[in-house]
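In full-length UniProt numbering, the protein residues as written are 1 to 299. Take a look at the structure below.
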Amino acid sequence: MPPEVATALDATTLLGWFDRHARDLPWRDPERTPWGVLVSEIMLQQTPVARVLPVWREWLDRWPTPQDLAAESQGEIVRAWGKLGYPRRALRLHAAARAITEHHGGEVPSDVETLLALPGIGAYTARAVAAFAYGKRTPVVDTNVRRVVARAVHGAGDAGPPSTRRDLDDVDALLPEGPDEARAARFSAALMELGALICTARSPRCADCPFSASCAWQKAGRPAYSGPAKPTQRYGGTDRHVRGLLLDVLRATTEPVTKEQLDVAWPKAGQRDACLDSLLTDGLVEQTGDGRFALPGEH
DNA sequence: CAGACGTGGAT
DNA sequence: TATCCAAGTCT
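Following this line, the structure appears as structure tokens:
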């Protein structure tokens, strides 16, 4: 047997910690379906767990299979997405459900390549579904994992700019080997959980971390982040903001609304009209025969 | 690769 | 009040 490579993130230690501290999230229930996992992963993109929970429950109750969602209208889906944010995700999930229904026999694919071909599913989500829904050994790299690896392995205060290839290789090297792929999948979930609960961005709880002794960042004296400055994001007054306000008007009614009703949502006419155009282009809004506006009604 | 794309709670 | 930031994807 080859000697174990020394690692700052020992699998047995991490899995033991996960057994004791993992949150009891519904998409981790042994009874949940791959579809439930996929829905959770899309909703969780850039969105906190607490906000996803009630919407995920409603969705799985209303549309327990991909076929159920595929049969629903786009407008109902965008409405049910509510204020989770980035509503194009709802449209993409709908399109994914249709592709799954039409091309994959109604079963959520289990291999990364097939998942990657579905709308809204990228490098992270494809591997998250393969690992968490199907127990596969594959590197699952999200913002939490990148931060944990940056600190515990590389001794940096935080992760630098993402590089999919390098990040995947980094994490692949940490995954436990052997025939028990489910153990590697659980390791991936545990790594994310460590980043979410202990090795957090703002105030890491190193005192509660099972790796405080082996962590490269600890050993280096917890140096501050030294990489390139991260772009600071604004929201107020941006097109994102205005699009959200326009969509808010449409989510509030089931009847189409007039242009005048949309106009009250934002005072700057030029920006407002440009945003409405972009919503039409994205398929989040459609114009009815009489010139009014509504959430998309296509079935 | 940089920038667009929602929203709201925490600090 | 202002800034940070939360399980990314697409162009």
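Idealized CB from N, CA, C, for every residue including glycine.
Distance check between V140 and each of P231, V171 and C209 places V171 closest, using alpha-carbon atoms only. Inside the stretch 255-282, DSSP marks whole alpha helix (DSSP H) runs of 4 or more residues at positions 259-263 and 269-282, from first to last along the chain.
F132 sits in a helix when the DSSP states are folded into three classes. Setting aside the 5 residues that flank it on each side, R127 is surrounded in the same chain by V112, T138, P139 and V140, each with a C-beta closer than 7 Å to its C-beta; the list follows chain order. In terms of CA proximity to L14, A190 leads the group A190, T101 and A130. When secondary structure is reduced to three states using DSSP, F211 falls in the coil class, being assigned neither helix nor strand.
The C-alpha of G195 lies about 21 Å from the C-alpha of L38.
Within the model, the alpha-carbon separation for P267 versus G297 is close to 28 Å. CA-to-CA, the gap between E255 and V78 works out to about 15 Å. The DSSP assignment places no complete run of the beta strand (DSSP E) inside the stretch 191-239 (cut-off: 3 residues).
Nearest to R202 by C-alpha distance, out of P210, L91 and N144, is N144.
In the same chain as G227, and ignoring 5 residues on each side of it, the C-beta atoms closer than 6 Å to its own belong to G160, in chain order. For E102, the uninterrupted alpha helix (DSSP H) segment begins and ends at R88 to H103. For the options P54, A11, T238 and W63, the alpha carbon positioned closest to that of T33 is the one of W63. Residue W35 holds the alpha-carbon nearest to the alpha-carbon of G105 among T47, A152, G135 and W35.
Taking every protein chain shown into account, the CB of Q46 has fewer than 16 other CB atoms within 10 angstroms, so this residue is exposed.
In terms of Cα proximity to G289, the closest of C275, K219, D263 and T258 is T258. For E113, the enclosing alpha helix (DSSP H) starts and ends at V112 to L116. Going by DSSP, L44 is part of no alpha helix (DSSP H) at all; its letter is neither H nor E.
A156 has its alpha-carbon roughly 24 Å from the corresponding atom of T12. Nearest neighbour of H21 by Cα position, chosen from I121, I198, A96 and A50, turns out to be I198. Residue pairing from DSSP places A294 in a beta bridge opposite E286.
Excluding the 5 residues flanking it on each side, L116 has same chain C-beta neighbours closer than 8 Å at G122, A123 and A126, in chain order. Taking C-beta atoms as the reference points, H103 and L69 fail to come closer than 8 Å. Here DSSP, grouped into helix, strand and coil, assigns P139 to coil.
Taken through DSSP and simplified to helix, strand or coil, P161 comes out as coil.
Annotated as proximal: A150 and D158, with beta-carbon spacing under 8 Å.
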